[in-house]
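Residue numbers (the working numbering): 6 to 558. Even for Gly, the Cβ is constructed at its ideal location relative to N, Cα and C. So the structure is just underneath, and the comments pick up after that.
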C-alpha cells in the first residue's frame, strides 16, 4: 500500500520537475566549488569582511548590541549573523565567516529554486538556479563571495518571496496561508534589518498579497483581510522586537542614529546636490548590456500581464493575483535595482541582491517562451531539457574560468591564508598576551587574524576621521564626524589602555590619526611613535607603543 501511494505521488509530479531538480543539484555543486576554495585557507574575501567580523567579536564580549558595542551604519542583523557564526564555529577564526558565507550562498540559490517551484515554474527554477551561479562566477569575486549586509539580506528576501508564493499559490487552508504570509513578512523585515535598502522589498510582496486578498473578497470569501494583515504584522514584528531591545537598554536613539540618521544625513551628504545623470553615467558605461537585458525582461513580464488585462473584463485584482508571481519578481527586480542605485556610489556588492530576482525573471522568460508553443508534452519536455542543458553549459564554462583564475592567483601567493602575519608577531613581542589593541584606519581584519579584541567601539574610523567612502573620498570634514565620536574613542582608549596602537591610513586614503588633534594629543601624552612595519600583504602601519616599557620609557 505504501509503495502504491509513493508510486501514485511520483506520477503526479510534473515531468519538468524531473529536469528542474537535477538543475538545482548541478547549481549547488558548481557553487560549492568556489565556496570550498575560500574555506580551505580561510581569510577575508571582501574588503568589508574585516571590520564586520571584528565588530561581531566585540558585541559577543559585551551586550550583543550593534551600534552600542561597535559603531557602524550597516544593518544590525549583519553583525548578529556574524556574531552567531563566530560564537558557533570558533572565536577569532576566519573559518567561521566562511561557514556563514557558505550557508548564505546556498540558501540563496535554494530559495530561488523553491520560489519558482512554489509557482510550479519548474523550468524557470532550474534556469534561475544555474543563472544565479553563472552571475556569481563572472562577477567581481569579493562582492560575490564576501559577507556584507547584502549577502545576509538576499536569502531572506528571496525566502520571503518563496513563502509568499507557497501561501498564495499552494496552501489551501486559511490558517496555513496566514502563517506562511506572517513568516514571509518576518523574513522581509529581517532582510531590511541586515541592509536598509532591502526595506523596499516588502512593497511588491504587499501588492501581490493585497490583490489576492481583494480577489478573495470579490469571490465572497470571509476574513479575506487576514492575508494582507498577516504579512503586515509579520513585517512589523522583527522591528518591534529590535526596537524594544534597544529601548530596554536605553539606547533607542543610538539605534536610530546609526540605522537611519547617519546614512541619510552624513553618508549621503556628498551626493545631496549631485545630478542623477552625472552619477549614473559611469555605471551605464560599464553595465549597459546588463541593464538593457534586465530592462527587457522586466518590460516583457509586466506587459504580458497588461495584455491579459486587455483581453478580459474580469476584476483587475483577480488578474493581478493570477499573474502575481511573475509580476512580483519583475517588481522586485525594479525595487532592488533602485535600492542599489540609491546610495549613488555603485559599489559592486550593492547589486548582489539583484542576482536571484534577475535570474528568476530570466528563467520565467524561458519558460514562457516554451509554454507559448502549444505542442505535445514530450515536445515541451524535450525543449525544456535542451534549454537547461544549454544554460548548464554556459554556467559550467563560467565556473571553470573562475576556478582557473582562482588557482592561478593562489599559485602566485593570493588566497593562501592569513598566517604567518608579521603584525601579529609584532603585537606578541610588544604587548601583554591577548591584550586588546587599536587599529586606526580600515583594517579591522587584523583583530581577527591576530586573535585580539578591539580596544574601542570604532572598528573602522571614517566616522571619527570625518571622511565618507565613495568614489572620490571626500576630504576630512568635521561635518562628517559622528556626534561625540571622538570623545567616545578617547573614552574607550582611556578605559582599555591598549599597549599598541597601529596607525594604518592606507585604506583611509591617507588620512592618519595625526589629523585628529584630540587623538594626536592623547597619543603624544601616553605613547611613543615607532618605526613603520608592514603586514603580510604589504600594508604599512606606524606603531605607537604605550609609555612605561623599555622601548617607550
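Going by C-alpha distance, which of the options is nearest residue i?
| i | options | result |
| --- | --- | --- |
| residue 368 | 499, 132, 58 | 132 |
| residue 490 | 52, 95, 551, 467 | 467 |
| residue 244 | 82, 89, 278 | 82 |
| residue 562 | 68, 444, 550, 527 | Residue numbering for the chain in the displayed model covers 6 to 558; residue 562 lies beyond these limits and cannot be assessed. |
| residue 91 | 78, 105, 208, 27 | 105 |
| residue 329 | 49, 57, 121 | 121 |
| residue 442 | 548, 518, 406, 211 | 548 |
| residue 39 | 410, 469, 554, 57 | 410 |
| residue 265 | 127, 80, 416 | 80 |
| residue 108 | 469, 57, 550, 151 | 151 |
| residue 97 | 66, 136, 309, 419 | 66 |
| residue 103 | 464, 226, 118, 156 | 156 |
| residue 69 | 86, 55, 54, 53 | 86 |
| residue 438 | 177, 289, 394, 504 | 504 |
| residue 343 | 203, 413, 263 | 203 |
| residue 135 | 78, 290, 163, 365 | 365 |
Applying the criterion that 16 or more other CB atoms from any shown protein chain within 10 Å of the CB defines a buried residue, is residue i buried or exposed?
| i | result |
| --- | --- |
| residue 354 | buried |
| residue 201 | buried |
| residue 399 | exposed |
| residue 11 | Note that residue 11 has pLDDT 46, beneath the 50 cutoff, so the model's placement of it is unreliable and the number below is only indicative. Label assigned to residue 11: exposed. |
| residue 221 | buried |
| residue 75 | buried |
| residue 462 | buried |
| residue 457 | buried |
| residue 213 | buried |
| residue 251 | buried |
| residue 41 | exposed |
| residue 299 | buried |
| residue 488 | exposed |
| residue 435 | buried |
| residue 249 | exposed |
| residue 425 | exposed |
| residue 197 | buried |
| residue 53 | buried |
Mind checking who residue i pairs with in its DSSP beta bridge?
| i | result |
| --- | --- |
| residue 442 | 459 |
| residue 507 | 444, 548 |
| residue 539 | 545 |
| residue 534 | 549 |
| residue 75 | 71 |
Taking only the alpha-carbon atoms, compute the straight-line gap between residue i and residue j and give it to the nearest angstrom.
| i | j | result |
| --- | --- | --- |
| residue 334 | residue 130 | 12 angstroms |
| residue 219 | residue 194 | 24 angstroms |
| residue 396 | residue 331 | 20 angstroms |
| residue 447 | residue 534 | 20 angstroms |
| residue 404 | residue 372 | 24 angstroms |
| residue 619 | residue 22 | In this structure the chain extends from 6 to 558, so residue 619 is not present and cannot be described. |
| residue 231 | residue 182 | 9 angstroms |
| residue 558 | residue 552 | 5 angstroms |
| residue 62 | residue 271 | 26 angstroms |
| residue 215 | residue 185 | 15 angstroms |
| residue 356 | residue 347 | 11 angstroms |
| residue 470 | residue 309 | 52 angstroms |
| residue 420 | residue 93 | 24 angstroms |
| residue 492 | residue 158 | 33 angstroms |
| residue 19 | residue 177 | 19 angstroms |
| residue 473 | residue 449 | 17 angstroms |
| residue 256 | residue 429 | 35 angstroms |
| residue 99 | residue 59 | 10 angstroms |
| residue 192 | residue 161 | 5 angstroms |
| residue 318 | residue 226 | Per-residue confidence for residue 318 stands at a pLDDT of 46, beneath the threshold of 50, marking its modelled position as unreliable; no derived number is given. |
| residue 375 | residue 384 | 10 angstroms |
Which residues in the same chain have their Cβ closer than 6 angstroms to the Cβ of residue i, if we skip the five residues on either side of it in sequence?
| i | result |
| --- | --- |
| residue 431 | 538 |
| residue 138 | 32, 35, 36, 400 |
| residue 501 | 441, 460 |
| residue 173 | 217 |
| residue 140 | 360 |
| residue 525 | 519 |
Note down, in chain order, each residue of its chain lying with its Cβ closer than 7 angstroms to the Cβ of residue i, except the 5 sequence neighbours on either side.
| i | result |
| --- | --- |
| residue 475 | 275, 350 |
| residue 362 | 334, 337, 338, 341 |
| residue 305 | 370 |
| residue 167 | 116, 119, 120, 123 |
| residue 208 | 340 |
| residue 415 | 421 |
Which residues in the same chain as residue i place their Cβ atom closer than 8 angstroms to its Cβ, once the five residues preceding and following it in sequence are excluded?
| i | result |
| --- | --- |
| residue 545 | 509, 511, 537, 538, 539 |
| residue 238 | 187, 190 |
| residue 24 | 127, 128, 131, 386, 389, 390, 393 |
| residue 51 | 147, 148, 150, 151, 152, 153, 354 |
| residue 382 | 20 |
Using only the heavy atoms of the ligand GDP, determine whether one of them is closer than 7 angstroms to the beta carbon of residue i.
| i | result |
| --- | --- |
| residue 429 | This structure lacks the ligand GDP; in fact it carries no ligand of any kind. |
Is the shortest distance between the beta-carbon of residue i and the beta-carbons of chain C less than 8 angstroms?
| i | result |
| --- | --- |
| residue 137 | The structure shown contains no chain C; it holds only a single protein chain. |
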